[in-house]
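Just so you know, we're using my numbering here: the sequence shown kicks off at 2 and counts up by one.
Every residue, glycine too, gets a C-beta built ideally from N, C-alpha and C.
Note that the coordinates shown come from a computational prediction; the quantities given were computed from them, not determined experimentally.
A short write-up of the structure that comes next.
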Amino acid sequence: MPDAWLLREFDHVSPQLAPVLHESLARMRSLCPVAHSDLHGGFWVITKYEDVLRVAQDWATFTSTDGLNIPPSRTHVRNIPVEVDPPEQRAYKKLINAHFTPQMIAPWEEATRALVSRLIDGFVESGRCEFMDDFARPLPSLTFFEFGLGAPPEDLDEVSRLASTSSIPNDPDAAASWAGLAAWITALVERRRGEPPRGDVVDAVLKAEFDGRPLAQQEIIGIVQLLVLGGLETTAGALGLMMHRFCLSPEIPAQLRAQPDLIPKAVEELLRLDGPFVAIARTATRDVELGGQQIRKGDKVLLYWASAGYDEDEFPSPEAFDLDRATNRHLAFGAGPHRCIGSNLARQNLRIALEELLRRLHDIRVADGAEIHFHNTLTRAPNSLPIAFTPGPREAGAGPLAVQP
């Protein structure tokens, strides 16, 4: 993108930015790490690792309570606890965190692996698939519906569509999708109120109290809404981005097939390179200097996690896939008090998915004639990803998804 566009007219929802996101952010880090855009009412774009980390951790100076409206395509209900600051945020997050610890999600592994196998069985004999529709979106959706929400599986396709469309502010159907998602969550909550307790996160939210009172309906919907968006859309994006990189860099899957014990470490490096959660907004609560620029009270700032992951001052040779890095403090899950609640579940799902995909799919490549396009606003993912590979056999014994939460 032209330098003038990057430094004065940066637009994170522009379709022209999507295919050149990382190149554009690298240029911004070089020219002006804290740049100002005049679009969407004006906002600052933060691209250096240390600046991004500072803003993310300093919630008192850079609030989340009025930071997510760049551009002004708003949810019908605020996402909780992402759009709440401490100390209230800590109470909400503690309520949810207890259900997504490594110990709580470990029992889901066997059933998740069976689901992964079953999904692969659906296309492995043909030697091709549309990876986003056939694997990347169904996997986190099915696991989260079953384990996290206790939601009816017949609603999955529609809720996945609503979550995906609502995440793209410049989509003409975004506003209607937000409304549809809120309506579905409202119905889910009401149905769960009348059912026997399952002991899951929805039950915890329904019986929770805040400041000595039960949670209000809008608070309940806001918490479940955030869980749906995080549980479905971002993990699907991560899987799509990882598979796309495998197609372009076949030496990576070859290395991981030869050394599968490196897959957990590879997940972290792939998240640094291709994290699906690319940016988030904040609002300054006071005048503050950042990166040599004077940010005024009320100014919007857009933190680019995706840019931080490629900052040469934090990651030597940042464009390289390097499993021998001394440290990998990537920000793919965010940082500070609003760091991703579902990071443990995402890591587990990504690890299991890569283990099975790399074991069963060989000679992975983008299908002939396919053109890959990305959406990127605050999240990033391939819109579609047709791939081809050497056909393989179905594996018997990939049983139905069934687990007691």
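Using the rule of at least 16 other Cβ atoms within 10 Å of the residue's Cβ for burial, across every protein chain shown, is residue i buried or exposed?
| i | result |
| --- | --- |
| Asp-300 | buried |
| Asp-312 | buried |
| Ala-36 | buried |
| Asn-384 | exposed |
| Ala-239 | buried |
| Pro-73 | Note that Pro-73 has pLDDT 45, beneath the 50 cutoff, so the model's placement of it is unreliable and the number below is only indicative. Result: exposed. |
| Ala-184 | exposed |
| Ser-31 | exposed |
By DSSP's criteria, residue i is part of a beta bridge. Which residues make up the other side?
| i | result |
| --- | --- |
| Glu-1 | Because the chain spans 2 through 406 in this model, residue 1 falls outside it and cannot be assessed. |
| Trp-45 | His-37 and Val-302 |
| Glu-290 | Gln-295 |
| Cys-248 | Answer by DSSP bridge pairing: none, since Cys-248 is not bridged. |
| Glu-131 | Pro-387 |
| Asn-377 | Arg-381 |
Identify, in the order they occur along the chain, each residue of the same chain with its Cβ nearer than 8 Å to the Cβ of residue i, setting aside the five sequence neighbours on each side.
| i | result |
| --- | --- |
| Val-53 | Ile-47, Leu-304, Tyr-305, Trp-306, Ser-308, Ala-309, Leu-332 and Ala-336 |
| Val-190 | Val-203, Leu-207, Gln-218, Ile-221, Ile-222 and Val-225 |
| Arg-330 | Glu-315 |
Going by beta-carbon coordinates alone, are residue i and residue j separated by less than 8 Å?
| i | j | result |
| --- | --- | --- |
| Arg-361 | Val-125 | yes |
| Pro-154 | Phe-146 | yes |
| Trp-45 | Gln-218 | no |
| Ile-296 | Ala-285 | yes |
| Arg-348 | Val-268 | yes |
| Leu-271 | Leu-263 | no |
| Arg-114 | Ile-365 | no |
| Thr-62 | Val-289 | yes |
| Ala-382 | Phe-375 | yes |
| Val-78 | Ser-65 | no |
| Asp-201 | Gly-128 | no |
By Cβ distance, which residues of its chain are closer than 6 Å to residue i, with the 5 residues on each side in sequence left out?
| i | result |
| --- | --- |
| Ser-142 | Leu-157, Ser-161 and Leu-233 |
| Ile-186 | Ile-222, Val-225 and Gln-226 |
| Ala-137 | Ala-237, Leu-240 and Gly-241 |
| Ser-178 | Leu-163, Thr-166 and Ser-167 |
| Leu-359 | Pro-254, Leu-257 and Arg-258 |
Tell me which residues share the same chain as residue i and place their Cβ nearer than 7 Å to its Cβ, disregarding the 5 neighbours each side in the sequence.
| i | result |
| --- | --- |
| Phe-132 | Gly-241, Met-244, Leu-386 and Ile-388 |
| His-363 | Phe-390 and Thr-391 |
| Glu-10 | Ser-38, Asp-39 and Leu-40 |
| Pro-103 | Asn-345 |
| Ser-25 | Met-2, Leu-7 and Leu-18 |
| Pro-34 | Thr-48, Lys-49, Asp-52 and Gly-292 |
| Asp-275 | Leu-242, Met-243 and Arg-246 |
| Gln-58 | Ala-336 and Gly-337 |
Does the region 202-210 come close enough to the region 116-124 to have 3 or more Cβ pairs within less than 8 Å?
Contact between the region 202-210 and the region 116-124 is absent, with fewer than three C-beta pairs closer than 8 Å.
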